[in-house]
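Working notes for the structure below.
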């Protein structure tokens, strides 16, 4: 009788653990939207850099600033994706404070 009880509790505990793992916090879900926005911004900056390099009218300083902005955005996006995949709600909240557009 005791073995059956332990087996039942083990199965129920396993099912409960699966539900706990599958549910993501609000911050992590919102972070996914911020990641999408950052990726769109990266694409726009890349296009702008290409246009400015082809036009030869803009200064090297302006192009350098845009490239630096692109690099920083990519690094931040990678950090956000890491926090998202690890389901780290603390880091997600920090990124939302910094990068979420209000």
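Residue numbers (my numbering): 340 to 441. For glycine and all other residues, C-beta sits at the position ideal for the given N, C-alpha and C.
Excluding five sequence positions before and after residue 384, the CB atoms of its chain that fall closer than 8 Å to its own CB belong to 405, 408, 409, 412, given in chain order. Here residue 423 is not near residue 342, since their CB atoms are 8 Å or more apart. Counting along the chain, no alpha helix (DSSP H) covers residue 426, and no H or E run does either. Separation of the CB atoms of residue 435 and residue 382 is rounded to 22 Å, and the pair is thereby denied contact status at 8 Å. In the three-state reduction of the DSSP assignment, residue 394 falls in the helix class, which pools H, G and I.
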